[in-house]
Amino acid sequence: MSTRYFFISCEHRVLDEAECAIVKLRGKSTTTPSLEQVLVPETLLKKRKTQEKAAAEKRVADAAARKARKAARKVIFKRADQYVREYRAKERDEIRLRRQAKASGNFYVPAQPKLAFVIRIKGINHIAPKPRKVLQLLRLLQINNGTFVRLTKATTEMLQLVNPFVAYGQPNLKTVRELIYKRGYAKVNKQRIPLTDNSIIEKELGKFGIICVEDLIHEIFTVGKNFKQANNFLWPFKLSNPTGGWSEKKVRHFIEGGDSGNREDKINALLRQMI
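Mapping of the sequence shown onto the UniProt record's numbering: residues 1 to 275, in sequence order.
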């Protein structure tokens, strides 16, 4: 009996070892193959290579763009500082000339203004064809629309034709800056785009040396050589009604108690209420 039991136990032990080997083999066959054991498709390799190349190119482009923006900021700050010095020098010169004229008993006659801001104050009713055409040329299509105009002999005559329908005058630097910063929109591909970034200005006017808002303000205020391009870049300003609204007799001339016609430097007080 003992011998038989020994043979049976040995037989069981042999079977247990065989079963363990089978389980191990089965376990190996059911496990997920490693990355090294699987052949990657060629299309996936090409796609991965293309993505890596695109990512590297994007990193290079981003670095170049950051460098360009940094350089542009330096130029913008330098120009802004230059413009401030220019405006202050001009103001000091005017004060000096006024004092000299007063000291010598003469009158100081300022230079003829080169810039005007025109606001439409009347609708389309009872307007003759010729004044209506002039309003279209000035891009004043709606009430409270406003535009900058270079004052020449031709434009002065045009303003005389539409005198009862517009209010205009000579804006100062503060008014020009507030108009562009607070109410300025660009005309890009016939679309009205808000001036939220200098890149919009640089893209459209960079070829004329205008790359930021301060460049645009300077070109408009000084009526520079690229005034036409800068002015056409700006969408006609849409202003609010002045505080208290227009007077009932707004068609009358300003000096007669109305709102129309040339206000000269008094246009700045009106625009402060409308911006």
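Backbone N, C-alpha and C fix where the C-beta goes; we use that ideal spot for every residue, glycine too.
Under the three-state reduction of DSSP, residue 242 is assigned to coil, being neither helix nor strand.
DSSP lists 118 as the bridge partner or partners of residue 147. Residue range 42–103 is occupied by the alpha helix (DSSP H) that includes residue 60. Collapsing the DSSP output to three states places residue 264 in a strand. Boundaries of the beta strand (DSSP E) harbouring residue 192: 191–194, taken from the DSSP string. Annotation: residue 186 is outside any alpha helix (DSSP H); the continuous beta strand (DSSP E) that includes it extends over 185–188. Between the stretch 140–153 and the stretch 236–255, the count of C-beta pairs closer than 8 Å reaches three or more; the two stretches touch. The stretch 181–201 and the stretch 123–143 do not touch, with fewer than 3 CB-CB distances between them shorter than 8 Å. Annotated as distal: residue 251 and residue 244, with beta-carbon spacing of 8 Å or more. Listed as beta-bridge partners of residue 166 by DSSP are 120. Counting only the Cα atoms, residue 107 lies some 44 Å from residue 202.
Residue 107 sits in coil when the DSSP states are folded into three classes, being neither helix nor strand. Put simply, the stretch 149–161 does not touch the stretch 202–215. Fewer than three CB pairs are less than 8 Å apart. Taking C-beta atoms under 8 Å as the contact rule, residue 172 and residue 261 fail to qualify, at a distance of about 19 Å.
Linking residue 209 to residue 188 through their CA atoms gives a straight-line distance of about 18 Å. Between residue 167 and residue 267, the C-beta gap is smaller than 8 Å, which places the two residues in contact. Annotation: the continuous alpha helix (DSSP H) that includes residue 205 extends over 198–205. The beta carbon of residue 249 lies closer than 6 Å to those of 258 in the same chain, with the five residues before and after it left out. With a 10 Å radius around the Cβ and a threshold of 16 neighbouring Cβ atoms, residue 105 comes out exposed. Counting C-beta atoms within 10 angstroms of its own C-beta, residue 116 has 16 or more neighbours from the protein chains shown and is therefore classed as buried.
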